[in-house]
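Encoded as structure tokens, the structure appears first; notes follow it.
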Amino acid sequence: MKLRTNVALANKIKLSATLQSWLPILQSPLDDLESTLNHIAADNPCMRVDNPREQTLNARSKKDNRASSSGSTSVNDAIERFCVAKKSLYETLIDQLCPPLFPTPRSVRIAEEIIENLDEDGYFEGDMEQIAEQLDVSVAECERVRARFAHLEPAGIGAVDVLESFAFQLEAADCSSEVYDLCLEIMKDLEQHARFKRNRHYEAAMKVIQTFKNPPAIDYFEEVRAVVPEIFVIEEGGEIEVRINDEQYPLVIIENEKIAKKESYLRNKVKEAKDLIDALEMRKATLYKIGLMIVEYQYEFFKGGEIRPMKLKDLADEFNHAPSTISRAISGKYLECNRGIFSLKSFFATAIDEDTSNAAIKDYIADLVKNEERKRPLSDNKLLQIVEDKFGVKVVRRTITKYRKQLNIASSSERKKLYEISC
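Take -9 as the starting number for the sequence shown in this note's numbering and just add one per residue.
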């Protein structure tokens, strides 16, 4: 593999303290970047923002400019307004890993690993035995740490399924002991909740249950919007090239630079405009390196294979920066390659072992069931055997069962009945 690099960008690859102060620029999705820049440039007479997509974003730009008419006097004030950006789910959880819930480095380490094994809905999809072995602790201790997630926000996070998520959310609910106990009874069979109607606490219990969120991470789902890829991964002649979507980037234009030489106030404004241009270049450089690293880690995927295990910490270590910063950098951003358009987050798959991701296992199970012999459907034990032979990994049967259920695949006996009916 040969990656053609851009020397101008390479000089600004490393994340620095300067970039932290410009984090709003880094974290803004490409189609929101003009809005962010317009807020920053609103009070600066020495710069203006142009955008190649100005026609499609014109209405949004006018709205942003009207919203920017506060009395701020410097670009730093404008940046500060954006620093109160919505945290990602990852950041929200990491910030809560502190005493008294997680009083020791050991408990924090276990909690961090659990967070790494949450799916996009907020459910725990990892293998606790594997985590325990990796951290040299007991499974029971890992489960005790996971149980503390019932006290984290968003409520219900870290559960293995809907019922446990509801139980976690019930722990966080403000209700009397009688209502709490009735909620537990109702949750055992929600479909039959009407049989409790004569209970005087029924209405209160149902109001509590109706506040539960499923999935628990629903408030952290990214907004559905027209996808504009930030990164292109292009293969030509057997070579893979990473490119930044430069054509869609807003342009910061410096004005009145000659006049500014005679007045200190304008000189400072010109400097702020140049700093903003530097920040945009740093944004490009950061995403460019992230693209290079994704290609390096996921090379087989771009050649038609499966996504390999990759964690935020993998990138954070390369950047010598906190995983939360990397989380912000990739949030809401997309990569386009010959296989389609993918969110950057989709390349961070949970590991079964060093070379195998659970996403690859799930895809393989789905393919096996799709092509199985209808008269003799594959049992979970048989699926386990085939998966272990295929990937050369050790997996417990309940992990296969869990993956099958996550894929909405019925058990082998149920599938056999369904096949017979369809015949």
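Where a beta carbon is used, it is the ideal one built from N, C-alpha and C, also for glycine.
Discussion item. Tell me the DSSP secondary structure of residue 290 in three-state form.
Written reply: As a position in the sequence shown, residue 290 is number 300, starting the count at 1. The answer is helix: DSSP assigns residue 290 an H, G or I state.
Worksheet item: Taking C-beta to C-beta, are residue 128 and residue 122 nearer than 8 Å?
Response: Taking the sequence shown and counting its residues from 1, the one referred to as residue 128 is at position 138. Taking the sequence shown and counting its residues from 1, the one referred to as residue 122 is at position 132. Their beta carbons are under 8 Å apart, which means residue 128 touches residue 122 by this criterion.
Discussion item. Quick check on residue 27: does DSSP put it in helix, strand or coil?
Written reply: The sequence position of residue 27 within the sequence shown is 37, counting from 1. If DSSP states are grouped into helix, strand and coil, residue 27 belongs with the helices.
Worksheet item: Below 8 Å between beta carbons: does that hold for residue 112 and residue 205?
Response: Here the question's residue 112 lines up with position 122 in the sequence shown. Here the question's residue 205 lines up with position 215 in the sequence shown. Yes. Within cutoff.
Item to complete: Using a threshold of 8 Å, state whether the C-beta atoms of residue 150 and residue 100 are closer than that.
Response: Here residue 150 refers to the residue found at position 160 when the sequence shown is read from its first residue. Here residue 100 refers to the residue found at position 110 when the sequence shown is read from its first residue. In this structure, residue 100 does not lie closer than 8 Å to residue 150 by Cβ.
Discussion item. Three Cβ pairs or more, each shorter than 8 Å: is that satisfied between the segment 283 to 290 and the segment 263 to 271?
Written reply: Touching, no.
Worksheet item: Are there 16 or more other CB atoms within 10 angstroms of the CB of residue 120, so buried, or fewer, so exposed?
Response: The residue labelled residue 120 in the question sits at position 130 within the sequence shown. That one is buried.
Worksheet item: Using CA coordinates, which residue listed in 349, 226, 363 is at the minimum distance from residue 297?
Response: The count along the sequence shown starts at 1 and reaches residue 297 at position 307. When each option's Cα is compared against that of residue 297, the closest is 349.
Worksheet item: Would you say residue 302 and residue 313 are within 8 Å of each other, going by their C-beta atoms?
Response: Within the sequence shown, the letter at position 312 stands for residue 302. Within the sequence shown, the letter at position 323 stands for residue 313. Their beta carbons are under 8 Å apart, which means residue 302 touches residue 313 by this criterion.
Worksheet entry | Alpha-carbon to alpha-carbon, residue 290 and residue 34 | If you number the sequence shown from 1, residue 34 lands on position 44. If you number the sequence shown from 1, residue 290 lands on position 300. Looking at the two C-alpha atoms, the distance is approximately 47 Å.
Worksheet entry | Other residues of its chain near residue 414: CB distance less than 6 Å, five sequence neighbours each side excluded | Coverage of the chain is limited to positions -9 through 413, which leaves residue 414 absent and any answer about it impossible.
Discussion item. Just to confirm the assignment, what range does the alpha helix (DSSP H) spanning residue 134 have?
Written reply: As a working mapping, residue 134 is identified with position 144 in the sequence shown. Here the alpha helix (DSSP H) through residue 134 covers 129 to 137.
Fill in: Same chain, Cβ closer than 8 Å to residue 235, neighbours up to 5 away in sequence not counted
Mapped onto the sequence shown, residue 235 falls at position 245. 20, 218, 219, 220, 221, 222.
Item to complete: Compute the minimum distance between the beta carbon of residue 273 and the heavy atoms of the ligand ADP, and state whether it is under 7 Å.
Response: Absence of the ligand ADP from the depicted structure is noted, as is the absence of any ligand whatsoever, leaving it without description.
Fill in: residue 187 versus residue 15 - alpha carbon distance
The residue you call residue 187 lines up with position 197 of the sequence shown. The residue you call residue 15 lines up with position 25 of the sequence shown. Distance between the alpha carbons of residue 187 and residue 15: 54 Å.
Worksheet item: Roughly how many angstroms lie between the CA atoms of residue 383 and residue 376, to the nearest whole one?
Response: Within the sequence shown, numbered from 1, the residue matching residue 383 stands at position 393. Within the sequence shown, numbered from 1, the residue matching residue 376 stands at position 386. Answer to the nearest angstrom: the Cα atoms are 11 Å apart.
Worksheet item: When burial is assigned at 16 or more other CB atoms within 10 Å of the CB, is residue 253 buried or exposed?
Response: Residue 253 sits at position 263 when you count from the first residue of the sequence shown. Answer is exposed; the Cβ neighbour count stays below 16.
Fill in: residue 260 - DSSP class collapsed to helix/strand/coil
Taking the first residue of the sequence shown as 1, we reach residue 260 at position 270. In this structure, residue 260 counts as helix in the three-state DSSP scheme.
Worksheet item: Residues bridged to residue 327 by DSSP?
Response: As a first step, residue 327 must be located in the sequence shown, where it is residue number 337. According to DSSP, which records beta bridges pairwise, residue 327 is partnered with 330.
Worksheet item: Taking the C-alpha atoms as reference points, what is the distance between residue 25 and residue 317?
Response: Taking the first residue of the sequence shown as position 1, residue 25 is located at position 35. Taking the first residue of the sequence shown as position 1, residue 317 is located at position 327. When the Cα atoms are used, residue 25 and residue 317 turn out to be separated by approximately 21 Å.
Worksheet item: Is it right to say residue 158 is buried, meaning 16 or more other beta carbons lie within 10 angstroms of its own, or is it exposed?
Response: As a first step, residue 158 must be located in the sequence shown, where it is residue number 168. Residue 158 should be labelled buried.
Practice prompt. Could you have a look at residue 273 and say whether DSSP puts it in helix, strand or coil?
Written response: Translated into the one-based positions of the sequence shown, residue 273 becomes position 283. Residue state, collapsed to three classes: helix.
Discussion item. On the CB-based measure, 16 or more other CB atoms within 10 Å of its CB, does residue 171 come out buried or exposed?
Written reply: Residue numbering aside, residue 171 sits at position 181 when the sequence shown is read from its first letter. By the 10 Å Cβ count, residue 171 comes out exposed.
Discussion item. Excluding the 5 residues flanking residue 398 on each side, which residues of the same chain have their C-beta closer than 7 Å to its C-beta?
Written reply: For the purposes of this step, residue 398 is identified with residue 408 of the sequence shown, where counting begins at 1. No residues qualify anywhere along the chain.
Fill in: Cβ-Cβ distance between residue 83 and residue 142 below 8 Å
Residue mapping note: residue 83 aligns to position 93 of the sequence shown, counting from 1. Residue mapping note: residue 142 aligns to position 152 of the sequence shown, counting from 1. The answer is yes: Cβ separation under 8 Å.
Fill in: Contained beta strand (DSSP E) runs [length at least 3] in the segment 154 to 185, N- to C-terminal order
none
Worksheet item: When the Cα of residue 264 is compared with those of 255, 242, 276, which residue comes out closest?
Response: Residue 264 sits at position 274 when you count from the first residue of the sequence shown. Ranking 255, 242, 276 by Cα distance to residue 264 puts 242 first.
Worksheet item: Which partner residues of residue 233 appear in the DSSP bridge assignment?
Response: On the sequence shown, position 243 is the one that residue 233 refers to. Bridge partners of residue 233 according to DSSP: 222.
Practice prompt. Return helix, strand or coil for residue 381, following the three-state DSSP convention.
Written response: Locating residue 381 in the sequence shown gives position 391, where the first residue counts as 1. Residue 381: helix per DSSP, three-state reduction.
Practice prompt. Determine the DSSP secondary structure at residue 305, reduced to helix, strand or coil.
Written response: Counting from 1 along the sequence shown, the entry for residue 305 is found at position 315. Residue 305 falls in the helix class under three-state DSSP.
Fill in: With 16 other Cβ atoms within 10 Å as the buried cut-off, status of residue 53
In the sequence shown, counting from the first residue as 1, residue 53 sits at position 63. A caution first: residue 53 carries a pLDDT of 45, below 50, which makes its placement in the model unreliable, though a value can still be read off. By the 10 Å Cβ count, residue 53 comes out exposed.
Worksheet item: What residues are listed by DSSP as bridge partners for residue 40?
Response: Residue 40 sits at position 50 when you count from the first residue of the sequence shown. Partner residues in the beta bridge of residue 40, as assigned by DSSP, are 241.
Practice prompt. Measure from the alpha carbon of residue 23 to the alpha carbon of each residue in 319, 117, 365, then state which is nearest.
Written response: The sequence position of residue 23 within the sequence shown is 33, counting from 1. Closest option to residue 23, Cα to Cα, is 319.
Practice prompt. Spatial neighbours of residue 210 within its chain, please: CB distance less than 6 Å, with the 5 preceding and 5 following residues excluded, ordered by chain position.
Written response: Position 220 of the sequence shown holds residue 210. If we look at residue 210 and ignore the five residues flanking it on each side, its Cβ neighbours are 79.
Worksheet entry | Contact set for residue 109: own chain, Cβ-Cβ below 6 Å, skip 5 residues either direction | Within the sequence shown, the letter at position 119 stands for residue 109. Hits under 6 Å: 115.
Worksheet item: If you draw a straight line from the alpha carbon of residue 162 to that of residue 155, how long is it in whole angstroms?
Response: As a first step, residue 162 is located in the sequence shown; it is residue number 172 there, counting from the start. As a first step, residue 155 is located in the sequence shown; it is residue number 165 there, counting from the start. So the alpha carbons of these two residues sit roughly 11 Å apart.
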